[in-house]
Amino acid sequence: MGVDSEAQLNRKFIEFAKLLNVYLNHFPKHEKYALANRIRNTAYEVYDLITEGQKRYLKKTTLSSLDITHEQLRMQLHLANELGYFAFKDGRTEDDHSGLAKHRYLTISAMIDELGRMIGGWIKRLKDEKKWQ
């Protein structure tokens, strides 16, 4: 991954993390220290693995872990959506919860998909360069 690609991945992740933290702060109070905290920790682990992948000489294990952790984050966000947690604002459900929840989930899903494409491209490039060790 080139320096520009690394910087772009970092910027995209930070943009994602900022929005994610806003949404997680609106989750119901009983989930603030359960699923919301788990999602936040998984997101931070993704960022740690991005940094590790950029610095390691042999990247295969790190990028495999990054790909798996990214998918775990995607599934945790899907679970939160299925449980209706994106419809909350300040710990309470909103009256117009369906539109708000759908908008929040589609926005965060698009961002997590973009991160996934960038990670997948990174892995593909290393495989094409025969540096997948």
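Using our numbering, the first residue of the sequence shown is number 1, and each one after it goes up by one.
Beta carbons: idealized from backbone N, C-alpha and C, even for Gly.
Predicted, not measured: the structure shown is a model, and the values here were computed from it.
(request) Sort L20, L19, T42, V46 by Cα distance to L9 and report the nearest one. (result) Indexing the sequence shown from 1 puts residue 9 at position 9. That would be V46, whose Cα lies nearest to the Cα of L9.
(message) The alpha helix (DSSP H) that contains E31, what's its start and end?
(response) Locating residue 31 in the sequence shown gives position 31, counting from the first residue. Element bounds for E31: n/a, residue is neither H nor E.
(request) Give me the Cα-Cα distance between K102 and K131, rounded to the nearest whole angstrom. (result) Translated into the one-based positions of the sequence shown, residue 102 becomes position 102. Translated into the one-based positions of the sequence shown, residue 131 becomes position 131. So the alpha carbons of these two residues sit roughly 40 angstroms apart.
(message) Quick check on Y105: does DSSP put it in helix, strand or coil?
(response) Locating residue 105 in the sequence shown gives position 105, counting from the first residue. The answer is helix: DSSP assigns Y105 an H, G or I state.
(request) Buried or exposed for M118, please, with buried defined as at least 16 other CB atoms from any protein chain shown within 10 angstroms of its CB. (result) Along the sequence shown, one-based indexing puts residue 118 at 118. Classification of M118: buried, given that the 10 Å Cβ count is 16 or more.
(message) Quick check on I14: buried or exposed, where buried means 16 or more other Cβ atoms within 10 Å of its Cβ?
(response) For this step, residue 14 is matched to residue 14 along the sequence shown. Label assigned to I14: exposed.
(request) Measuring only between beta-carbons, confirm whether H70 sits less than 9 angstroms from chain C. (result) The structure shown contains no chain C; it is built from a single protein chain.
(message) Spatial neighbours of E114 within its chain, please: C-beta separation below 7 angstroms, excluding the five flanking residues on both sides.
(response) Counting from one through the sequence shown, the residue named residue 114 turns up at place 114. Same-chain partners within the cutoff: K12.
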